[in-house]
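Residue numbers (my numbering): 184 to 733.
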């Protein structure tokens, strides 16, 4: 049974999990922000994930199985054959001599009890409800080690290259990897996954099979198989039972051979909202206000892999309406968005960001998204487009929000144009989230924090702070972290900021004014997420440093 917002609303109200007033606010927010009522209720702490699961369980007339608090062991999971488990999205939650409790996200599925009876025989079967994402986390136990599967495929003399690639891609998707690295190292090829921003070894395979794998990747990505000494970029698709996954491929020659990096373009990004990124409601509101202005420029800054494109896509989706003409120029187009005109940069045909932007302006656009401002020519065209009645979004490489303006001025942007067109500058980074399944809290005396991180004590008023970490569990692959969240820094271009930009300010002068107007640094925004248990202090210190000019 598919749980629609309407069905969820009826369940939550009938069981008194939420008030009519809160549901009304949730529906209004969901309608205007293209999200679900559950996202709003969870973000506002009006509902917890477990309470939501409990409410759905009651609607089915079964118990709720909290797989976060009571994770099934590998032995438990494997008692249900993999094909049945994935057919019904079911996992063994508990058992004794006379009864087994099976958790599923659809206790009313046709054939479920019949098939389970064949597995468990005379034991009584009791069904319970659990959330889909929690059940999916338990399925990791069905996967044998990648190297074990490599050996089996090679020994059986099957179609080695296609099957090895498929196993690698399936593991990467299962572990939510953003990138897959194939690194030739002498007699072996090391496979590594980037998961939540950190690289992990996934397995090794003999070098003699690498050429076949490399050629297959090149063919599927429409690249030259006879080219071994130049960098090549392409794209391919992986078809699987759950749908298709788009992949971006980069191949470069190294001393050991050709290295391949595959970017996994996750489908869920298409449904991402600003709230999913980790923005507070106040941040969300003024970003949306800037994005709904009739003209001007919104810039998102940060290093590669910090989520800039995801932020811009989320903005575009929220303001997209039938009466608007929205056009993008990107390199590459990572995600195809419905109702948006997307253009791919192509240096071979001289379709650069600057040339593409010139053409877009003649296409009667309301909103323009430029994948990246890289050079003086693009800066000039973008500023003039924003000045002449277009709303323009773009990314820009700068370490933080205040350094973006001096960098643009160094690229010969006219101060008066910059001051009159900039609406908002966003700097962002991504932090790993503490795993919900194994998170625990502990007291940290401020003196202890000061010893480990000098200067940190000024951010804590009490003598002891409550911090959070993950113990490591099956759900997070024993890392203590699962998923990522953004931290943000903003400079809103107010009239006072416009006056300052005209005087060629330094980044310190810009940040001093921004702070006086309420802006928080990346570190301070991250510290709020540390205090609420979303991430750990160690993770924040890895990604951002306390500002020095406070």
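Cβ coordinates follow ideal geometry from the N, Cα and C atoms, glycine included.
message: Pop quiz: residue 238 and residue 284 are said to be a contact at Cβ under 8 Å. What is the actual Cβ separation, rounded to whole angstroms?
response: At roughly 19 Å, the Cβ-Cβ gap does not stay under 8 Å, so residue 238 and residue 284 are not in contact.
- Task: Consult DSSP for residue 485 and reduce its assignment to one of helix, strand or coil.
- Result: Three-state result, residue 485: coil.
Subject >> Which residues DSSP lists as bridging residue 420, in chain order >> reply: 429
Indicate the three-state DSSP secondary structure (helix, strand or coil) for residue 532 in the structure shown. helix
Quiz item: DSSP beta-bridge partners for residue 359?
Solution: None; residue 359 has no bridge partner.
Item to complete: May I have the straight-line CA-CA distance separating residue 268 from residue 666, to the nearest angstrom?
Response: 24 Å
How close, in whole Å, do the beta carbons of residue 273 and residue 295 come, if the pair is a contact with beta carbons under 8 Å? 7 Å
Taking residue 583 and residue 672 to be in contact with their CB atoms under 8 Å, please state how far apart those CB atoms are, rounded to whole angstroms. Between residue 672 and residue 583 the Cβ distance is about 6 Å, and since that is below 8 Å, they are a contact.
* Tell whether a beta-carbon distance below 8 Å holds between residue 481 and residue 607. => yes
Which residues in the same chain as residue 733 place their Cβ atom closer than 6 Å to its Cβ, once the five residues preceding and following it in sequence are excluded?
In this predicted model, residue 733 has a pLDDT of only 48, less than 50, meaning its place in the structure is not dependable; the value taken from the coordinates is given anyway. Contacts found: none.
>> Using the Cβ count rule (16 or more neighbours within 10 Å means buried), how would you classify residue 664?
In response: buried
Any idea what DSSP makes of residue 733, helix, strand or coil? Because the pLDDT of residue 733 is 48, which lies under 50, any placement of that residue in the model is unreliable, and the number read from its coordinates should be weighed accordingly. Three-state DSSP puts residue 733 in coil, outside helix and strand.
Q) If you count every other CB in all the chains shown that lies within 10 Å of the CB of residue 615, and 16 or more means buried, which is it? A) The residue in question, residue 615, is buried, as its Cβ has 16 or more Cβ neighbours within 10 Å.
Exercise for the section: Measure the alpha-carbon distance for residue 348 versus residue 396 and round it to whole angstroms. Expected result: 7 Å
* **residue 208, DSSP secondary structure in three states** => Helix.
What is the DSSP secondary structure of residue 634, reduced to helix, strand or coil?
In the structure shown, residue 634 sits in a helix (DSSP, three-state: H, G or I).
*Limits of the alpha helix (DSSP H) - the one that residue 499 falls within*: 491–502
Please confirm whether residue 368 and residue 439 have their CB atoms less than 8 Å apart. yes
State buried or exposed for residue 435, treating a residue as buried only when at least 16 other CB atoms are found within 10 Å of its CB.
-> exposed
Measuring CA to CA, which of 509, 229, 521 is closest to residue 575? The residue with the shortest Cα to Cα distance from residue 575 is 509.
query = Does residue 235 have its Cβ less than 8 Å from a Cβ in chain B?
reply = Chain labels in this structure do not include chain B; a single protein chain is all it has.
Please say whether residue 596 and residue 560 have beta carbons closer to each other than 8 Å?
-> no
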